[in-house]
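Heads up: the sequence shown runs through residues 7 to 522, numbered per the numbering used here.
Ideal Cβ placement from N, Cα and C applies to all residues, glycine included.
In what follows, a single structure is set out as structure tokens and then discussed.
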Amino acid sequence: MSILKEVLSRIDVSGEIERRERAERASQDFGFFCQYYLSHAFNLPMAEYQRVIIEVINSGEVRREHIAILSRHVKEKARSCLREGRFEGLLDIEPRDHGKTTRMAQAFPLWLVLTKQNVFPVIVSASSDSARDILESIRFELEHNEKILEDFGSLKGEIWTGRKIVLKNGNAIAALGAGQSARGIKDRYKRPTHIICDDLLKDQEVESKVSRDKVYRWFKRVVMNLGKGAKVIIVNTILHPDDLPSRLLKEIETETLKDWVGVVFSAITPEGKPLWAERWSLEDIEKKREQLGSFVFATEWMNEPIAEEERKFKSEWFQFYEQSELRNIRFERVVMAVDPAVGKATGDYSAIVVVGITANGQVYVLDAEGEKISDLALIRRITDKYIAWRPDKILFETQTFQEIYKNQLLREALREGIVLPVKGIKHTVNKELRISKLSPLVEAGIILFKRTQSLLLQQLEEFPRGHDDMPDALEMAVSEAISKRIAQPVAVPLGIYRHTGHILRGNNLYRRTAWL
Numbered sequence: 007m008s009i010l011k012e013v014l015s016r017i018d019v020s021g022e023i024e025r026r027e028r029a030e031r032a033s034q035d036f037g038f039f040c041q042y043y044l045s046h047a048f049n050l051p052m053a054e055y056q057r058v059i060i061e062v063i064n065s066g067e068v069r070r071e072h073i074a075i076l077s078r079h080v081k082e083k084a085r086s087c088l089r090e091g092r093f094e095g096l097l098d099i100e101p102r103d104h105g106k107t108t109r110m111a112q113a114f115p116l117w118l119v120l121t122k123q124n125v126f127p128v129i130v131s132a133s134s135d136s137a138r139d140i141l142e143s144i145r146f147e148l149e150h151n152e153k154i155l156e157d158f159g160s161l162k163g164e165i166w167t168g169r170k171i172v173l174k175n176g177n178a179i180a181a182l183g184a185g186q187s188a189r190g191i192k193d194r195y196k197r198p199t200h201i202i203c204d205d206l207l208k209d210q211e212v213e214s215k216v217s218r219d220k221v222y223r224w225f226k227r228v229v230m231n232l233g234k235g236a237k238v239i240i241v242n243t244i245l246h247p248d249d250l251p252s253r254l255l256k257e258i259e260t261e262t263l264k265d266w267v268g269v270v271f272s273a274i275t276p277e278g279k280p281l282w283a284e285r286w287s288l289e290d291i292e293k294k295r296e297q298l299g300s301f302v303f304a305t306e307w308m309n310e311p312i313a314e315e316e317r318k319f320k321s322e323w324f325q326f327y328e329q330s331e332l333r334n335i336r337f338e339r340v341v342m343a344v345d346p347a348v349g350k351a352t353g354d355y356s357a358i359v360v361v362g363i364t365a366n367g368q369v370y371v372l373d374a375e376g377e378k379i380s381d382l383a384l385i386r387r388i389t390d391k392y393i394a395w396r397p398d399k400i401l402f403e404t405q406t407f408q409e410i411y412k413n414q415l416l417r418e419a420l421r422e423g424i425v426l427p428v429k430g431i432k433h434t435v436n437k438e439l440r441i442s443k444l445s446p447l448v449e450a451g452i453i454l455f456k457r458t459q460s461l462l463l464q465q466l467e468e469f470p471r472g473h474d475d476m477p478d479a480l481e482m483a484v485s486e487a488i489s490k491r492i493a494q495p496v497a498v499p500l501g502i503y504r505h506t507g508h509i510l511r512g513n514n515l516y517r518r519t520a521w522l
């Protein structure tokens, strides 16, 4: 019997050592905590950015190595909000369906109260009901999660309500809905140590300026006064250019809001990769874009919302033609415009757009292509497009069209016996204003598209947010075609048949017939 007792004792000691080791590891490694104790909610590895954000919050400071990693996932224009040093508040902007509520509003407070001492996180959500739901999920884990009970024991304290729970280890969690009074939110003598705000504005209220102003004032008056020295963490998706996170981002950028940092993530990184590849492949993300439409996708998945009053191009304005219609159309003028990604940010497209204009001023977008390709591949593509469409002009913006690039392009074409009609364009008007001038032409149906030109249509719908390479090329081509309609130089008689363009030039003055 004594031998059995000794064996059981050793097993018990061994088990106790394992429990302590797990608990110790969990206290240092949030990712391990989630994947071991909350494996039912975290069945995929955390993305790199998710691990770094937790490390930043836990350490209370942004270090150089954090910035180096996060900068790969954040667009260049948002990097100014990511500063080295200690901080009081963190604005974490993430796309839909990237686990931000589960990770930051549920698992993170649970991790704090189980593994840290003297902590009192407060969860703030859009309504008291949603805040209570989050706290209820935490209560459930504390009461029923066998792994947590085994390693940390039963921690249910005397206060165990829908608005506040106090654990036996002395830590506490409270829940608060946006607009609610926060008077008396404290645990005995302790004020909140962490304030975690999760999507403070309801979807149906985002278009109301009154609602946006109300939440902003409440946040400044109530949330930012909950506890001196408390870390304020906002996890949100930007739903409107004037919503709370958008306003706070501007204040962080201008340093009106001091000792704050902000990070803005999109489902697709500046390098063109999925932000959380284990969860969303590029193919899945593009499928989601098709399902939602560019306008909603830009808001909820790219964190680049466009207010209704900001929209320059609406999807319902786009009018289309069928390829078969080109059989009997004669074009007065055909123009190609190229917007190369030479010297531009990683992730930009090299855009080629070809338009044809008829005698009555109808503009057909004959070809629209945007790719992330090398300079040499783009030169080859330009030559191919010229052979296919025989445009009167090939336009480049002079500031991006470097002389060395121009010479390379012309040499490549000469190898095939082609002299390209290249023309440099020097813009004197702001790009956004130039592209915006196409808006009435699109709305009136003067510019017609093909349904297959999805990237161009997408960038138009997302304008002035997101990529504008293809709208820029479209504007150059359309402006040139319209401005030169009166001048009709004599065409060189040349019959051409190509499967992509199917354009015939005859002896008439730039009267081209396209056929299939």
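Margin query: Tell me which residue opens and which closes the alpha helix (DSSP H) that residue 127 is part of.
Written below: No alpha helix (DSSP H) holds residue 127; the beta strand (DSSP E) holding it covers 127-131.
Note to self: Just to confirm before moving on: does the CB-CB distance between residue 103 and residue 269 stay below 8 Å?
What the structure shows: no
Next item on the list: Check each candidate in 412, 301 and 232 and name the one with the smallest Cα separation from residue 344.
Entry: 412
Check: My guess is that residue 205 and residue 132 are in contact by the Cβ rule of under 8 Å, so how many angstroms apart are they, rounded?
Finding: 6 Å
Margin query: So, with DSSP's three-state summary, where would you put residue 6?
Written below: In this structure the chain extends from 7 to 522, so residue 6 is not present and cannot be described.
Item checked: Span separating the alpha-carbon of residue 319 from that of residue 448 -> 8 Å
Note to self: Do residue 126 and residue 199 have their beta-carbon atoms positioned less than 8 Å apart in this structure?
What the structure shows: yes
Note to self: How far does the beta strand (DSSP E) with residue 342 in it extend, from its first residue to its last?
What the structure shows: 339-345
Next item on the list: Given a cut-off of 8 Å, decide if residue 202 and residue 144 are closer than it, judged by their beta-carbon atoms.
Entry: no
Check: Candidates 417, 484 and 376: which alpha carbon is nearest residue 362's?
Finding: Here the closest residue by C-alpha is 484.
Note to self: I'd like the span of the beta strand (DSSP E) that includes residue 359, first residue to last.
What the structure shows: 356-363
Margin query: Report the start-end ranges of each alpha helix (DSSP H) in the region 139-206 that is 4 residues or longer and not cut off at the edges.
Written below: 152-158
Check: Would residue 537 pass as a contact of residue 310 if the rule is Cβ separation under 8 Å?
Finding: Examination of residue 537 is not possible in this model, given that the chain is present from 7 through 522 alone.
Next item on the list: Please report the Cβ distance between residue 32 and residue 39, rounded to the nearest whole angstrom; I am assuming they are in contact, meaning their Cβ atoms lie under 8 Å.
Entry: 4 Å
Margin query: So, with DSSP's three-state summary, where would you put residue 236?
Written below: coil
Next item on the list: Please check the pair residue 292 and residue 53, which I expect to be a contact at CB under 8 Å, by giving their CB distance rounded to whole angstroms.
Entry: That pair is no contact at about 19 Å.
Check: Which residues share a DSSP beta bridge with residue 465?
Finding: Paired residues: none, contrary to the question.
Notebook entry, point to check: By Cβ distance below 8 Å, which residues in the same chain neighbour residue 488 in space, the five residues on each side in sequence not counted?
Noted result: Short of 8 Å from the beta carbon of residue 488, and not among the five residues preceding or following it, lie these beta carbons of its own chain, in chain order: 363, 367 and 369.
Notebook entry, point to check: Between residue 70 and residue 420, what straight-line distance do the alpha-carbon atoms span, to the nearest angstrom?
Noted result: 50 Å
Notebook entry, point to check: With a CB to CB cut of under 6 Å and the five nearest residues on each side skipped, what residues in its chain are close to residue 357?
Noted result: Cβ neighbours of residue 357 beyond the five flanking positions: 345, 376, 475, 476 and 479.
Next item on the list: Using only alpha-carbon positions, find the residue among 286, 237 and 121 that is nearest to residue 51.
Entry: 286
Note to self: With three or more beta-carbon pairs closer than 8 Å as the criterion, would you say the region 323-342 touches the region 380-400?
What the structure shows: The answer is yes - the region 380-400 touches the region 323-342, with three or more Cβ pairs under 8 Å.
Next item on the list: For residue 454, name the three-state secondary structure that DSSP assigns.
Entry: Residue 454: strand per DSSP, three-state reduction.
Next item on the list: Determine the burial state of residue 6: buried for a count of at least 16 other Cβ atoms within 10 Å of its Cβ, exposed for fewer.
Entry: Because the chain is modelled from 7 through 522, residue 6 falls outside the range shown and cannot be assessed.
Checklist line | Straight-line Cα distance separating residue 252 from residue 381 | finding: 36 Å
Margin query: Please give me, in chain order, every unbroken run of the beta strand (DSSP E) with length at least 3 that falls completely inside the region 241-281.
Written below: 266-270
Checklist line | Residue range of the alpha helix (DSSP H) that includes residue 37 | finding: 36-43
Item checked: Environment of residue 395 [buried if 16+ CB atoms lie within 10 Å] -> buried
Next item on the list: Output the boundary residues of the beta strand (DSSP E) element that contains residue 402.
Entry: 399-403
Next item on the list: Mind checking which residues open and close the alpha helix (DSSP H) that includes residue 370?
Entry: Element bounds for residue 370: not the alpha helix (DSSP H) but the beta strand (DSSP E), 369-377.
Next item on the list: Counting only the same chain and skipping the five closest in sequence on each side, list residues whose C-beta sits under 8 Å from that of residue 176.
Entry: 123 and 124
Checklist line | Residue range of the unbroken beta strand (DSSP E) whose run includes residue 98 | finding: 95-99
Check: Between residue 298 and residue 325, what straight-line distance do the alpha-carbon atoms span, to the nearest angstrom?
Finding: 20 Å
Next item on the list: Between the Cα of residue 106 and those of 167, 458, 26 and 272, spot the shortest distance and give me the residue it belongs to.
Entry: Cα-wise, what sits closest to residue 106 is 272.
Next item on the list: Let me know the secondary structure DSSP gives residue 228 once reduced to three states.
Entry: coil
Notebook entry, point to check: Assuming residue 197 and residue 232 make a contact with CB atoms under 8 Å, what is their CB distance in whole Å?
Noted result: 7 Å
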